[in-house]
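> This structure is in structure tokens; I'll ask about it shortly.
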Amino acid sequence: MAEVAANGLTFHVQRVGTGDETVVMLHGLLIDNLSSHYYAVAPGVADRMQVVMYDLRGHGHTERPATGYSLDDAVADLWSVLDGLGIHEPVHLLGNSYGGTIALDAAIKRPDRVRSLVLIDAHVAVAQWCENIGEELSLARAGLLQKDPSEWIGVGGGRKAAKLLRGAASLITATTMVEDLAATPALPEERLQDILCPTLAIYGEYSDVIDRAHDLERLLPNLELDILMGCSHSVMLEATKTVREVVADFYVRMAEGKVEPGRRREVEPDEPYLAGETHQAMVGLYRQELLKHRHLVPVPNPGTGQEATAG
Amino acid sequence: MSAQSDDVGSASNGPGAPFDPDGILALVDRLITEVVGEDYDLGLDIELDASFSDDLELESLEFVQLGEKLQEIYGERVDFVTWFSDLDVDSIIDLTVRDLVQFIEGCR
Chain B
1 MAEVAANGLT FHVQRVGTGD ETVVMLHGLL IDNLSSHYYA VAPGVADRMQ VVMYDLRGHG
61 HTERPATGYS LDDAVADLWS VLDGLGIHEP VHLLGNSYGG TIALDAAIKR PDRVRSLVLI
121 DAHVAVAQWC ENIGEELSLA RAGLLQKDPS EWIGVGGGRK AAKLLRGAAS LITATTMVED
181 LAATPALPEE RLQDILCPTL AIYGEYSDVI DRAHDLERLL PNLELDILMG CSHSVMLEAT
241 KTVREVVADF YVRMAEGKVE PGRRREVEPD EPYLAGETHQ AMVGLYRQEL LKHRHLVPVP
301 NPGTGQEATA G
Chain X
312 MSAQSDDVGS ASNGPGAPFD PDGILALVDR LITEVVGEDY DLGLDIELDA SFSDDLELES
372 LEFVQLGEKL QEIYGERVDF VTWFSDLDVD SIIDLTVRDL VQFIEGCR
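For the record, the sequence lines run as chains B and X. Take 1 as the starting number for the first sequence in the working numbering and just add one per residue. Take 312 as the starting number for the second sequence in the working numbering and just add one per residue.
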């Protein structure tokens with residue numbers, strides 16, 4: 001297994017592709033890992049770019065320490081992994097869901113290290129997200145401490161599902177992730193306006209974080225926005241080929257100097273939306289289950305529950 | 312302090328790597344055992360028609376590892392990422408041992 005020592009941990013890293021420039025792909029929270037990018041987006045760009053994918057701290061085959069799960073930690077991990085790989089020139093960052101949150105924060109903190117951003121149904125650390133992610137993960141933890149994780153969301157005893165769930169459950173119950181993410185300071189809007197690199201945002205029409213697409217459209221001066229019609233949050237799963245093509249086209253146009261800031265498209269994916277419907281159904285069940293545990297968690301100011309689906 | 316291990320991105324082009332169906336199947340069987348490790352005792356039955364996801368219950372990351380191990384043995388010509396470039400995620404999830412054996416045979 002390819003490993004890199006970074007920030008005091010051993011990270012699982014996969015590198016594919018060829019070319020002068022590097023794109024680093026960041027995955028989502030809890031039940032996600034680098035394989036999402038390995039299967040979905042990396043194959044579309046590996047013929048012309050070097051692709052670096054790694055499992056975030058506590059995820060996949062990377063070590064799972066008890067602490068260090070703040071957004072600041074995630075960004076520090078990113079730079080440390082790149083340093084460990086000897087990559088010091090600016091890179092293209094691509095993030096899915098919470099991976100997009102990390103990419104945005106990295107671009108704000110170190111614009112000199114970031115050539116461009118691709119944000120795939122990205123959460124943005126606005127005040128509402130910071131409030132809801134803590135609440136939602138606290139509810140999840142309360143539920144997980146009540147009964148076995150596989151029983152908890154009604155998944156059968158399959159080895160694969162059980163392993164994924166054990167990993168997610170361990171992150172929630174045996175690390176400081178809940179507290180660390182709940183303490184994320186809200187990102188002031190003016191910081192988003194500072195992001196000047198070419199940026200492509202891709203959001204599902206029915207995503208629970210579609211409002212973030214509108215925020216980005218309003219605030220980022222060099223943004224292209226593609227709305228994938230009929231899709232929800234997991235657009236890489238729901239419309240794999242379309243996301244792959246849209247991302248590949250963005251990098252080709254960037255190399256040719258043909259990015260179009262302000263462009264907004266509604267894209268009809270070719271694929272059927274079965275995966276999207278399945279995902280929406282799972283999210284619905286997940287939320288129902290979460291709410292059963294609300295009485296276990298003191299929530300001073302409950303949010304809508306619409307913002308912070310872990311992912 | 313950061314350090315990179317030697318195996319990141321490395322690939323040899325192993326002489327003697329099998330390209331006959333039986334040899335490939337035996338190799339895939341051995342590598343799956345390595346990847347799955349202790350869970351192998353759960354009774355995985357590695358037959359040609361077995362799908363990696365539903366039948367063998369390989370995690371998506373374990374399938375990535377399997378590809379990595381195959382590339383170490385076969386070199387760059389067995390390239391999972393290029394293979395995947397024409398597939399959507401559902402198709403990758405549905406891949407069978409037979410699909411993999413045929414893909415490797417085609418890389419000869």
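Glycine is no exception: its CB is placed at the ideal position from the N, C-alpha and C atoms.
Return the residues of the region 12–30 of chain B that lie within a Cβ-Cβ distance of less than 9 Å from chain C, sorted by chain order.
No chain C appears in this structure, whose protein chains are B and X.
> How would you list, in chain order, the residues of chain X whose beta-carbon sits under 8 Å from the beta-carbon of B:Y54?
Near B:Y54 there are no residues of chain X at all, since even the closest Cβ is about 10 Å away, more than 8 Å.
> Return the chain-ordered ranges of every alpha helix (DSSP H) run that is complete within the region 327–408 of chain X and spans a minimum of 4 residues.
Complete alpha helix (DSSP H) runs here, min 4: 332–347, 371–385, 391–395, 400–404.
> Runs of 4 residues minimum, wholly inside the region 52–106 of chain B: which ones carry the alpha helix (DSSP H) assignment?
Those alpha helix (DSSP H) runs which fall completely within the region 52–106 of chain B and span 4+ residues are 71–84.
> Looking at the structure shown, is B:I202 part of a helix, part of a strand, or coil, going by DSSP?
The answer is strand: DSSP assigns B:I202 an E or B state.
> Which first and last residues belong to the beta strand (DSSP E) in which B:G17 is found?
Counting along the chain, the beta strand (DSSP E) containing B:G17 begins and ends at 9–17.
> Would you list the residues sitting across from B:I108 in a DSSP beta bridge?
None; B:I108 has no bridge partner.
> In whole angstroms, what is the alpha-carbon distance linking B:E224 and B:A201?
Distance between the alpha carbons of B:E224 and B:A201 is about 6 Å.
> Indicate whether the contact test is met: 3 or more Cβ pairs, each with one atom in the region 22–38 of chain B and one in the region 86–100 of chain B, closer than 8 Å.
Output reads yes: the region 86–100 of chain B touches the region 22–38 of chain B.
> Going by the DSSP bridge assignment, what does B:D226 pair with across the sheet?
DSSP, once it has assigned bridges, lists B:I202, B:R265 as partnering B:D226.
> Going by C-alpha to C-alpha distance, which of B:A125, B:W129, B:D208 sits closest to B:E190?
Taking only the C-alpha atoms, the option nearest B:E190 is B:A125.
> Nearest to B:Q198 by CA position, among B:K160, B:L104, B:A66, is which residue?
For the record, residue 198 of chain B in the displayed sequence is Pro; it is not Gln. When each option's Cα is compared against that of B:P198, the closest is B:L104.
> Check this for me: beta carbons of B:G230 and B:V178, under 8 Å apart or not?
Not a contact, by the Cβ cut-off of 8 Å.
> Measure the Cβ-Cβ separation of X:L336 and X:V412 and say whether it is below 8 Å.
In contact: X:L336 and X:V412 (Cβ atoms closer than 8 Å).
> Thinking just about the alpha-carbon of each residue, which of B:V247, B:G257, B:E131 is nearest to the one in B:A182?
Minimum Cα distance to B:A182 is reached at B:E131.
> Taking B:T184 and B:S70 to be in contact with their CB atoms under 8 Å, please state how far apart those CB atoms are, rounded to whole angstroms.
So it is a contact: roughly 7 Å between Cβ atoms.
> Contact between the region 5–12 of chain B and the region 204–215 of chain B: three or more CB pairs below 8 Å?
Segments in contact, no.
> Specify the secondary structure class of B:A182 as computed by DSSP and reduced to three states.
The answer is helix: DSSP assigns B:A182 an H, G or I state.
> Determine the closest residue to B:A2 out of X:S402, X:Q382, X:E370, X:R409, with distance taken between C-alpha atoms.
Nearest C-alpha to B:A2: X:Q382.
> Determine the direct distance from the alpha carbon of B:D55 to that of B:T175, and round the result to whole angstroms.
One C-alpha to the other measures close to 16 Å.
> Using 10 angstroms around the beta-carbon of B:D121, count the other beta-carbons present and answer buried if the total reaches 16, otherwise exposed.
So B:D121 counts as buried.
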